[in-house]
Every structure is written in C-alpha cells, then in structure tokens.
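Numbering (the working numbering), first residue to last: 589 to 769. Have a look at the structure below, then the notes.
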C-alpha cells in the first residue's frame, strides 16, 4: 500500500498483521480522490473506520487542513500512528479510539466536516454512523461510503445518494444531506 499523490506520494504504508482490517485498494483510493480532488485542499476530513489510516493520510497528502481518524481497534490506532510517523506527519490530525457514531456524538457541537469518508467492515450496520455523520456535515459537505457492491445500505431519510462508483466487489456511494441538494 502506498500514498498515491500529493506531498507524501509514493510513501509506503504498513498493513495490518491481523485479520479483520480490509484496507482500501490503491486503485479504489485513487478513484475516490480523483473524484474528490476539488474538495480536498483545505478540507476538514473525517476518516471513519480508519484501519490503516490510508484514506486520511491520502487526504493530508493532497492538502486537507485537518483529518480526524476514528478507529475502534487499538492495534489499528497504533498502525495509524506508525503510518503518520512514517510520512512525517506531525500535525493536522487527531485520532479518536471508539465507534464512529459514538465518537461523532461526543465531539463539540461546532465540530463539522467537509468530507466524511466511511469504510466500515462490510458486515457492519452502517446506519447509525451515517446518521451521526449527517449531523456533522459542514456547508456543502459530502459523505462517501465504501461498501460491498452486493449490499445496499439503509440510508437515513436526511441523506440522498448523489452517485455510485463501482470497482469490482466495492462501491463508493456519494451522499449529501437532502437540504444540500
């Protein structure tokens, strides 16, 4: 796994040595950031279900102002810290250990995000995280859900699908708040 573009382009990222973490492929990450390119520079980004931290690190590499990593597995939190250090990232991020929906509900009321990038384990129920993320979207904010192509997510009524991009067994679903459409 490597950083695709930007300040940290080409840097290799460590992968987990245990089962249960499914890192986003380089190809899918490149597709995601090609689509999001105009939105990343200066953005406040949430990397939910962060795993290796690759998505958030890619956002930082491409000029995001701040990335909030959320991961419930302590081993993955250590892996994220290690990958950030390997890229020389010393600021512009925070890491929260816990469930995405719970962490989002605990943040201060003024904590909002321009981009919420969610890559949950494919078997997890994602509706609570989507509901909590909808509450944290800034003006013109967007949520991107990476999901199994074969599994349609149950979307909260406040969110509307803008588009789907499928790559093999994975689909990126782009969502906006209904009032932002």
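We put the CB at the ideal spot given by N, CA and C, even for glycine. Predicted, not measured: the structure shown is a model, and the values here were computed from it.
Cα-Cα, which of the options is closest to residue i?
{"i": "residue 618", "options": "602, 662, 755 and 701", "result": "755"}
{"i": "residue 660", "options": "723, 689 and 652", "result": "689"}
{"i": "residue 600", "options": "674, 654 and 623", "result": "674"}
{"i": "residue 753", "options": "707, 648 and 616", "result": "616"}
{"i": "residue 637", "options": "691, 589 and 598", "result": "691"}
{"i": "residue 724", "options": "737, 705 and 738", "result": "705"}
{"i": "residue 684", "options": "703, 664, 702 and 649", "result": "664"}
{"i": "residue 590", "options": "607, 698 and 614", "result": "614"}
{"i": "residue 739", "options": "719, 765 and 709", "result": "709"}
{"i": "residue 658", "options": "668, 649 and 651", "result": "668"}
{"i": "residue 672", "options": "763, 764 and 641", "result": "641"}
{"i": "residue 698", "options": "726, 713 and 681", "result": "726"}
{"i": "residue 625", "options": "720, 656, 730 and 681", "result": "730"}
Work out the CA separation of residue j and residue i for me, nearest whole Å.
{"i": "residue 748", "j": "residue 627", "result": "19 Å"}
{"i": "residue 645", "j": "residue 593", "result": "10 Å"}
{"i": "residue 694", "j": "residue 686", "result": "11 Å"}
{"i": "residue 677", "j": "residue 612", "result": "20 Å"}
{"i": "residue 696", "j": "residue 633", "result": "15 Å"}
{"i": "residue 639", "j": "residue 622", "result": "21 Å"}
{"i": "residue 746", "j": "residue 630", "result": "26 Å"}
{"i": "residue 662", "j": "residue 679", "result": "21 Å"}
{"i": "residue 728", "j": "residue 701", "result": "10 Å"}
{"i": "residue 620", "j": "residue 732", "result": "9 Å"}
{"i": "residue 717", "j": "residue 767", "result": "19 Å"}
{"i": "residue 722", "j": "residue 598", "result": "33 Å"}
{"i": "residue 750", "j": "residue 743", "result": "12 Å"}
{"i": "residue 647", "j": "residue 654", "result": "9 Å"}
{"i": "residue 602", "j": "residue 741", "result": "30 Å"}
{"i": "residue 605", "j": "residue 737", "result": "26 Å"}
{"i": "residue 759", "j": "residue 681", "result": "27 Å"}
{"i": "residue 652", "j": "residue 720", "result": "22 Å"}
{"i": "residue 607", "j": "residue 670", "result": "18 Å"}
{"i": "residue 656", "j": "residue 763", "result": "19 Å"}
On the premise that residue j lies in contact with residue i, defined as a C-beta separation below 8 Å, what is that separation, rounded to the nearest angstrom?
{"i": "residue 735", "j": "residue 761", "result": "6 Å"}
{"i": "residue 596", "j": "residue 649", "result": "4 Å"}
{"i": "residue 643", "j": "residue 712", "result": "Wrong, their Cβ atoms sit about 16 Å apart, outside the cutoff."}
Quickly, what does DSSP pair residue i with across the bridge? List them, please.
{"i": "residue 703", "result": "633 and 730"}
{"i": "residue 683", "result": "657"}
{"i": "residue 748", "result": "764"}
{"i": "residue 735", "result": "759"}
With a threshold of 7 Å between beta-carbons, can residue i be considered close to chain D, or not?
{"i": "residue 688", "result": "Protein chains in the displayed structure number just one, and chain D is not present."}
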